[in-house]
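A.B. asks: Below is the structure I would like to discuss, written out as structure tokens.
Numbering (my numbering), first residue to last: 1 to 152.
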């Protein structure tokens with residue numbers, strides 16, 4: 001059976017909203033080799049949202065834990081499902097909708113239906129992520145330094 005390890009990171013609380021805190025984490029060496037460049041590649045830090053069950057305050061240094069399989073699941077959900085929806089929509093547009101709508105170019109119908117399917121899948125993923133409400137979020141486990149600062 002495949003086992004996933006728990007990953008620990010040390011960060012600083014930026015702000016707190018209810019039981020969710022925004023934590024600033026330093027980027028790792030793996031970030032430099034990333035080709036996605038979606039998490040502000042010019043900066044040395046990144047922000048994550050984590051469950052704040054221990055009521056950490058802004059400015060405090062904390063230990064954040066998360067299961068390594070969450071990255072894999074998140075990547076598959078965020079990138080894989082929309083990509084599959086794009087392909088399925090394009091194929092459906094070419095094979096089904098182009099025969100029903102003969103007035104337009106089949107390639108145009110294929111592209112439009114692919115983008116619509118991709119957009120719909122992204123909406124469903126967003127709704128699902130709101131519904132899970134933190135079940136897959138990182139968790140603040142411990143306050144390491146008690147440097148409370150309400151101005152951060």
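Backbone N, C-alpha and C define an ideal beta-carbon position, used for all residues, glycine too.
In the DSSP assignment, the alpha helix (DSSP H) including residue 91 goes from what residue to what residue?
C.D. replies: Here residue 91 corresponds to residue number 91 of the chain shown, with the count starting at 1. First-last of the alpha helix (DSSP H) with residue 91: 81-92.
A.B. asks: In its own chain, which residues sit with a C-beta less than 7 Å from the C-beta of residue 35, not counting the 5 before and 5 after it?
C.D. replies: Locating residue 35 in the chain shown gives position 35, where the first residue counts as 1. Low per-residue confidence applies at residue 35: pLDDT is 48, beneath 50, and the placement is therefore not dependable, though the value from the model is reported in the following sentence. Once the five neighbours on either side are set aside, residue 35 has no close Cβ partner at all.
A.B. asks: Mapping DSSP to helix, strand and coil, what is residue 26?
C.D. replies: Position 26 of the chain shown, counted from the start, is the residue given in the question as residue 26. If DSSP states are grouped into helix, strand and coil, residue 26 belongs with the strands.
A.B. asks: Could you give the DSSP three-state label for residue 51: helix, strand or coil?
C.D. replies: The sequence position of residue 51 within the chain shown is 51, counting from 1. Correct three-state label for residue 51: strand.
A.B. asks: Nearest to residue 114 by alpha carbon, out of 125, 145, 106 and 91?
C.D. replies: By one-based count along the chain shown, residue 114 stands at place 114. Ranking the options by Cα distance to residue 114, first place goes to 91.
A.B. asks: Whole angstroms is fine: what's the gap from residue 20's alpha carbon to residue 141's?
C.D. replies: Walking along the chain shown from the start, residue 20 turns up at place 20. Walking along the chain shown from the start, residue 141 turns up at place 141. Taking the straight line joining both Cα atoms gives about 13 Å.
A.B. asks: On the premise that residue 93 lies in contact with residue 109, defined as a C-beta separation below 8 Å, what is that separation, rounded to the nearest angstrom?
C.D. replies: In the chain shown, the residue the question calls residue 109 occupies position 109. In the chain shown, the residue the question calls residue 93 occupies position 93. Correct: roughly 5 Å between the Cβ atoms.
A.B. asks: Give the DSSP-derived three-state secondary structure of residue 117 in the structure shown.
C.D. replies: Along the chain shown, read from residue 1 onward, the residue named residue 117 stands at position 117. Helix, per DSSP.
A.B. asks: Among the residues of its own chain, which have a CB less than 6 Å from the CB of residue 26, if the five just before and after it don't count?
C.D. replies: In the chain shown, counting from the first residue as 1, residue 26 sits at position 26. Closer than 6 Å at the Cβ level, and outside the excluded window around residue 26, lie 45.
A.B. asks: Quickly, what does DSSP pair residue 6 with across the bridge? List them, please.
C.D. replies: Your numbering for residue 6 matches position 6 in the chain shown. Partner(s): 67.
A.B. asks: Does DSSP put residue 123 in a helix, in a strand, or in coil?
C.D. replies: Start at 1 with the first residue of the chain shown, and residue 123 comes out as number 123. In the structure shown, residue 123 sits in a helix (DSSP, three-state: H, G or I).
A.B. asks: Considering residue 145, what are the terminal residues of the beta strand (DSSP E) in which it resides?
C.D. replies: In the chain shown, counting from the first residue as 1, residue 145 sits at position 145. Taken as a continuous stretch (DSSP letters only), the beta strand (DSSP E) holding residue 145 covers 139-145.
A.B. asks: Hey, residue 84 and residue 56: beta-carbon distance below 7 Å or not?
C.D. replies: For the purposes of this step, residue 84 is taken as residue 84 along the chain shown, with counting starting at 1. For the purposes of this step, residue 56 is taken as residue 56 along the chain shown, with counting starting at 1. Not in contact: residue 84 and residue 56 (Cβ atoms no closer than 7 Å).
A.B. asks: Rank 76, 104 and 22 by C-alpha distance to the C-alpha of residue 125 and give the top, closest one.
C.D. replies: Looking up residue 125 in the chain shown gives position 125. The candidate whose alpha carbon is nearest that of residue 125 is 76.
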